[in-house]
Amino acid sequence: MVVDAPLVGVLALQGGYAAHTRVLDGLGARVREVRVPADLAGLDGLVIPGGESTTMSLGIDREGMAEPLRALASSGTPLLGTCAGLIVLDRAHLGVMDIQARRNAFGRQVRSFEADLRFADLEGGPVHAVFIRAPWIAAHGPGVEVLAEVDGHPVAARQGHVLVLSFHPELGDDHRLHERFLEDVRAAAR
Ligand code: GLN
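Numbering (full-length UniProt numbering), first residue to last: 1 to 190.
Shown next as structure tokens:
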């Protein structure tokens, strides 16, 4: 049944898609790696992973995926964008979310760091988040709800069925944010 084992796509053009696939599989979703527009058919949710946003955007254009991805988003299918995936969803790229990402926002020197993030509506204490040359959200519209910040900069946000995270929830063994995403996916599929 769709509702029990939702079908979740992971955009697999570039970047850290394999780790998302493992986490989602471990949480009981059916997972499909997405490389061409036809792979989007019938998905209950989609993850856009971290990686390199310029390369990923080039791949999206090359494969003719931009319009199909926008159509998927406007159909109300839950989306999760992490790190480069956050950038790809912003105003300057797919324009799916009313945010402006700032690439490598924590500075090129600070390539990687970890931080404990408090999410108001998540049980079980703070999320231990891994940031790798991460963006932050430099500006956002009124429809965007900021869920967590580092030094006053939004690093997690939601706009309706679109959830974005600056960091890498697929690394480590705390999968509460993927679980949260799958709750949205199941609810939307119902
Ligand atoms: N710095 C990368 C970019 O701007 C994002 C890094 C990541 O996804 N881990 O595309």
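Where a beta carbon is used, it is the ideal one built from N, C-alpha and C, also for glycine.
Asked	Found
Separation of residue 21 from residue 105, as counted between CA atoms	27 angstroms
Length of the line joining the Cα atoms of residue 231 and residue 179	Because the chain spans 1 through 190 in this model, residue 231 falls outside it and cannot be assessed.
Sub-8 angstroms separation of residue 99 and residue 153 beta-carbons	no
Assigned secondary structure, residue 179 (DSSP; H/G/I helix, E/B strand, else coil)	helix
Integer-rounded CB distance, given that residue 44 should sit under 8 angstroms from residue 82	No, residue 82 and residue 44 are not in contact; Cβ-Cβ is about 18 angstroms, not under 8 angstroms.
Residue 52 beta carbon near ligand 1 (any heavy atom closer than 7 angstroms)	yes
Pairwise C-alpha distance: residue 124 and residue 25	22 angstroms
For residue 30 and residue 7, believed in contact at Cβ under 8 angstroms, the rounded distance	5 angstroms
Collapsed DSSP secondary structure at residue 82 in the structure displayed	strand
Contact set for residue 2: own chain, Cβ-Cβ below 8 angstroms, skip 5 residues either direction	Any reading at residue 2 needs caution, since the residue's pLDDT is 46, under 50, leaving its predicted position unreliable; the model's value is listed next. If we look at residue 2 and ignore the five residues flanking it on each side, its Cβ neighbours are 44 and 189.
CB-CB length for residue 94 against residue 69, believed under 8 angstroms	6 angstroms
Residue 154, DSSP secondary structure in three states	strand
DSSP state of residue 2 mapped onto helix, strand, coil	The pLDDT assigned to residue 2 is 46, lower than 50, so where the model puts this residue is not dependable; a value taken from the coordinates is nonetheless given after this. Of the three classes helix, strand and coil, the one that applies to residue 2 here is coil, per DSSP.
Endpoints, the alpha helix (DSSP H) within which residue 134 is located	Here residue 134 belongs to no alpha helix (DSSP H), and DSSP marks it neither H nor E.
Supposed contact pair residue 50 and residue 15 - C-beta distance, whole angstroms, cut 8 angstroms	5 angstroms
For residue 60: DSSP bridge partner residues	In DSSP, residue 60 forms no bridge with anything.
Distance between beta carbons of residue 97 and residue 162, contact taken as under 8 angstroms	5 angstroms
Alpha carbon of residue 175 to alpha carbon of residue 182, nearest angstrom	11 angstroms
Cβ distance (whole Å) where residue 84 is taken to contact residue 56 below 8 angstroms	6 angstroms
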